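Numbering (this note's numbering), first residue to last: 1 to 388.
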């Protein structure tokens, strides 16, 4: 049939070739409905309000945490000196002393509370005395038994931090007990610190420093390199580094903190660090038992997952293959057996694998057995339906 014949048929039967109104406008109507539904969802879930109130700086910090890590020193103000503390499980080890935190030491005098004086005992009363033991008398006007005499404060001299400088790329924070100078590039801002009272800038703040109300905490941004908070009792700085901290060796490893060349030299030809094993075996042991990243435990769980999937699928194929013959109508003539087996397969595969996992976790407890059973049940239904 050529084009002329088709045109002739269309001319003689125009109604057969005329598209309905719905078919002609189905695409634009569908697009319009999608647009209306999108606007409805945006209104119902207040997406515009959420986007307006979103803290994009915080979102950026979360994204940066995927490929970097932070070290946080806390520099606390005292009367005439500073104390510098790091988090309990610092990535710098038990005695952190990074080169980007420079401390100025000096001998200071400070008042400390002396140990309380021993309790003042009263004279024992005579055997025939009617006074209560320890009661004050004309001969013994002392305090009651067991009360300690007040201790006078002592003055001690010690070496302490009197100034600190934290460097964050092109930024710097110079800290003294009553003054904080923040520098980023060519701009600098000095804050006067009234301890436990206020933080007061001497000049107008640039756009990379935010202070929500006068005297409150000042939030300083150094971009990707870090951030800081100038508070009325301390300065908290976050220095960001690219990479994953202690990914290979943790702080307890003798290889921690050493450059790659030195580690390779120790493994290949260095003297044994642990006399009971080679340096290569020690390095491998430290990697597997990394306390922060737990590589050995993660790898074991990954292997368990693969074994669970393999064993569950193999068992499912063993069970599903013979049952598939019952579900096949051209093999098993019984309609009842066909329908029962098919509905059994439908039931097994219609329940999600996660639901089966929760079910078996309740019965067997968390572990490979529960996951293996969930895969076995779901794959039995899937493979049985496929084979039949």
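A virtual CB, placed ideally from N, CA and C, is assigned to each residue, including glycine.
As the structure is a prediction and not an experimental result, all values here were calculated from the model.
* Near residue 256, which residues of its chain fall below 8 Å by C-beta distance, leaving aside the five closest residues on each side in sequence? -> Around residue 256: 93, 246, 249 and 250.
* **Unbroken beta strand (DSSP E) run spanning residue 65, endpoints** => Careful: residue 65 lies outside any beta strand (DSSP E) and carries neither H nor E.
* Where residue 232 and residue 352 are concerned, what is the direct C-alpha to C-alpha distance, given to the nearest angstrom? -> One Cα belongs to residue 232, the other to residue 352, and the distance between them is close to 55 Å.
* With a Cβ-Cβ cutoff of 8 Å, do residue 179 and residue 196 count as a contact? -> With contacts defined by Cβ atoms closer than 8 Å, residue 179 and residue 196 do not form a contacting pair.
* Asked: Measuring CA to CA, which of 357, 379 and 266 is closest to residue 319?
  -> Per the Cα distances, 379.
* Could you check how far apart the C-beta atoms of residue 69 and residue 177 are, in whole angstroms? I think they sit under 8 Å. => Not quite, the Cβ-Cβ distance comes to about 30 Å (not below 8 Å), so this is no contact.
* To do: Along the beta strand (DSSP E) that carries residue 273, what are the first and last residues, could you check?
  => No beta strand (DSSP E) contains residue 273, which DSSP labels as neither H nor E.
* If you follow the beta strand (DSSP E) that residue 104 is part of, which residue opens it and which one closes it? -> Segment 101-112, the beta strand (DSSP E) holding residue 104.
* Whether residue 237 touches residue 189 by CB criterion (8 Å) -> Their beta carbons are not under 8 Å apart, which means residue 237 does not touch residue 189 by this criterion.
* Note down, one range per segment and in chain order, each alpha helix (DSSP H) of at least 4 residues found wholly within the region 251-339. => If we require 4 residues or more, the alpha helix (DSSP H) runs fully inside the region 251-339 come out as 260-269, 279-288 and 295-327.
* **Nearest-angstrom beta carbon gap, residue 375 and residue 309 [assumed within contact, 8 Å]** => Their Cβ separation, rounded to whole angstroms, is 6 Å, which keeps residue 309 and residue 375 in contact under 8 Å.
* Beta carbon of residue 182, beta carbon of residue 173: below 8 Å? -> Against a cut-off of 8 Å, the Cβ pair of residue 173 and residue 182 comes out as a contact.
* Distance between residue 279 and residue 271 (C-alpha atoms, nearest Å) -> Between the alpha carbons of residue 271 and residue 279 lies a distance of about 8 Å.
* Short Cβ contact (8 Å threshold) for residue 345 with residue 301 -> No; because the gap between Cβ atoms is not below 8 Å, this pair is not in contact.
* From the DSSP output, read off the bridge partner residues of residue 179. => DSSP output for residue 179 lists 176 and 192 as bridge partner(s).
* To do: Return the CA-CA distance between residue 54 and residue 48, expressed in angstroms with no decimal places.
  => Computed Cα separation, rounded: 10 Å.
* Since residue 231 sits in a beta bridge, which residues does DSSP pair it with? -> Its beta-bridge partners do not exist; DSSP assigns none.
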